[in-house]
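Asker: Handing you this structure, nothing more for now.
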C-alpha cells in the first residue's frame with residue numbers, strides 16, 4: 003500500500019465538487035512524521051531517494067531513506083546527549099544544506115520543537131527569538147557571517163545552552179555536529195511517546211505589524227500538507243519535485259519536505275549562494291530531469307527572459323507558484339514557451355494551503371484558486387457579511403468551534 007493510502011480515505015476525485023465533499027485525512031492519535039513516514043520508508047523502501055541535493059559548485063548527494071534513518075538517529079542521539087529534550091525549542095539556520103532535512107527529523111524523533119530561521123537574521127533578531135521562544139540550542143551553517151551574528155547574540159541569550167555548527171568553520175566553545183553525531187551512542191526509538199496535538203514546529207512570522215509573532219503547529223501539520231503535494235503540486239510516487247525556497251521560511255515545509263515525502267516523491271534541492279541565476283536553475287532542472295517545479299512568480303519572470311529552447315525541459319510535467327501575485331503575462335509566456343500552465347495557490351505561516359488551483363480546476367491567471375476542503379473559507383465585508391462576486395472584502399476562515407487540520411495551535 004502506498005504511504006498516502008494510509009492517510010486518505012479517497013485519493014482520486016472526478017471534480018472539484020467531489021474533492022470538497024469526500025476529501026478526508028486520517029489522523030492517528032500518535033502520528034509522528036519521523037517514525038511514520040521517514041522510518042517507515044526506510045523499512046519498506048530503504049534504497050528509495052528521499053532527497054537529491056546539488057549545489058552551484060556541481061556537488062551532488064543522494065539521501066536514501068535507509069541513510070535518512072541512520073543519520074537522523076545519530077543526530078537525535080547526539081542532541082539527547084547535549085540535554086535536548088521533548089518540548090525544547092531548537093533553532094535551525096541551515097540555508098539549503100542537506101543537514102536541515104536530517105536535523106528536522108532528528109528533532110521530531112525526540113519531540114523537540116524545530117524553529118527554522120533564515121540566515122538573514124541579525125544578532126538582534128536572534129536575541130529576540132531566543133528570548134521569546136526560550137531557544138535552548140542553535141544548529142547553524144558554518145558561514146562566517148551567520149556564525150558571527152550568533153556569537154554576538156549568545157551572551158544575551160540565557161536560555162541558549164548549545165551552539166552547533168555543521169562546518170567547515172566551528173568556532174571555539176561550539177559543538178561540531180558531524181563529529182558529535184558520529185561518536186553518539188545508539189539511539190533508542192521514542193515512537194508512540196508523543197500525541198498528535200503536541201507542539202511540533204514553530205515559526206516566527208515576518209512581523210508586518212510590530213515584532214514577528216510566534217506560530218506553533220502540532221504533529222498533525224505534515225498530514226495537512228498532503229493537499230499541497232498531491233492536489234496542488236500534483237505529485238505522484240517517484241516524481242522529482244523542486245520548490246525554490248530557503249529552509250528558513252515556511253515555504254520549505256510546504257514544498258520540499260512533508261507532503262512531498264508522504265506522496266512518495268523525491269525532494270530535489272538546488273543549493274546556491276548569492277543572487278539567483280535562472281540559467282543555472284534551468285540547467286539543474288534539465289540535468290536532473292525534474293518533473294515538478296514550484297517557485298514564486300519572480301523566478302518565472304526571470305526564466306522567461308532566457309532562451310528556453312536551449313534547455314531540455316521535456317521531463318517537466320507540472321508547474322506551480324505562490325508567494326506573490328502571478329502576472330497573467332508571465333502565465334501566458336511560460337505556457338507559450340513550455341506548453342505548461344502554472345497553477346497558483348495561497349496560504350499563510352499560520353495555515354497550510356487555503357486556496358489552490360488543483361488538477362481538476364482550470365487555472366485562471368490572476369486567481370489564487372478555490373478553497374481547500376480542510377477550511378471553511380469566505381470573503382466578507384467590514385460587517386462580516388458574505389461578499390458577492392466582484393465585491394471587495396476580507397478573506398476569512400470560519401472555524402465554527404473546531405480546529406481545521408493544518409491551522410496553527412496558537
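Numbering (the numbering used here), first residue to last: 3 to 412. A virtual CB, placed ideally from N, CA and C, is assigned to each residue, including glycine. From a predicted model like this one, the values you see are computed outputs, not experimental measurements.
(1) When DSSP labels each residue in this structure, what does residue 306 get in the three-state scheme?
(2) With 16 as the cutoff for other CB atoms within 10 Å, does residue 278 come out buried or exposed?
(3) Looking only at its chain, what residues have a beta carbon closer than 8 Å to the beta carbon of residue 17, apart from the 5 residues adjacent to it on each side?
(4) Less than 9 Å separating the beta-carbons of residue 306 and residue 335?
(5) Where does residue 406 fall in DSSP's three states?
(6) I need the straight-line Cα distance from residue 293 to residue 120, nearest angstrom please.
(7) Which class does residue 177 belong to by DSSP, given the choice of helix, strand or coil?
(8) Pull up the distance between the alpha-carbon of residue 230 and that of residue 368, whole angstroms please.
(9) Of all the options 31, 168 and 132, which has the alpha carbon lying nearest to the alpha carbon of residue 158?
(10) Going by CA-CA distance only, name the one from 91, 321, 298 and 281 that's closest to residue 309.
(11) At which residues does the alpha helix (DSSP H) containing residue 132 begin and terminate?
(12) Should the segment 400–408 be called in touch with the segment 53–69, which here means at least 3 C-beta pairs below 8 Å?
(13) Measuring straight from C-alpha to C-alpha, what distance separates residue 481 and residue 164?
(14) Looking only at DSSP bridge pairs, what is residue 21 linked to?
(15) Can you give the beta carbon distance from residue 96 to residue 143, rounded, assuming they're within the 8 Å contact cut?
(16) Below 6 Å CB to CB, which residues in the same chain sit around residue 68 once its five sequence neighbours on both sides are set aside?
(17) Out of 222, 400 and 300, point me to the one whose CA is closest to residue 380's CA.
(18) Assuming residue 266 and residue 6 are in contact, meaning their beta carbons sit under 8 Å apart, how far apart are those beta carbons, in whole angstroms?
(19) Can you tell me where the alpha helix (DSSP H) holding residue 73 begins and where it ends?
(20) Provide the residue span of the beta strand (DSSP E) that contains residue 55, from first to last.
(21) Can you tell me whether residue 358 is helix, strand or coil according to DSSP?
(22) Report yes or no: do three or more beta-carbon pairs, one from the segment 233–240 and one from the segment 195–205, lie closer than 8 Å?
(23) By the three-class DSSP mapping on this structure, what secondary structure does residue 386 have?
(24) Go through its chain and collect everything with a Cβ distance to residue 275's Cβ below 7 Å, but skip five positions before and after it.
(25) Would you kindly check if the distance between the Cβ of residue 91 and the Cβ of residue 115 is under 9 Å?
(26) For the segment 309–322 against the segment 284–292, are there 3 or more C-beta pairs whose distance is under 8 Å?
(27) Count the CB pairs spanning the segment 16–31 and the segment 95–109 that are closer than 8 Å, and state whether there are at least three.
(28) Report yes if the CB atom of residue 185 is closer than 9 Å to the CB atom of residue 77, and no otherwise.
(29) If you draw a straight line from the C-alpha of residue 254 to the C-alpha of residue 187, how long is it?
(30) Taking residue 117 and residue 137 to be in contact with their CB atoms under 8 Å, please state how far apart those CB atoms are, rounded to whole angstroms.
(31) Where are the alpha helix (DSSP H) runs, 4 residues long or more, that stay fully inside the segment 222–286, in chain order?
(32) Please determine, among 65, 53 and 168, the residue with the shortest C-alpha to C-alpha distance to residue 182.
Answerer: In terms of the structure at hand:
(1) coil
(2) exposed
(3) 362
(4) yes
(5) coil
(6) 27 Å
(7) strand
(8) 19 Å
(9) 132
(10) 281
(11) 125–135
(12) no
(13) The chain is shown from 3 up to 412; residue 481 falls before or after that span and cannot be answered.
(14) Answer by DSSP bridge pairing: none, since residue 21 is not bridged.
(15) 6 Å
(16) 44 and 48
(17) 400
(18) 7 Å
(19) 67–83
(20) 51–57
(21) strand
(22) no
(23) coil
(24) 58
(25) yes
(26) yes
(27) no
(28) no
(29) 31 Å
(30) 7 Å
(31) 223–226, 253–257 and 260–264
(32) 168
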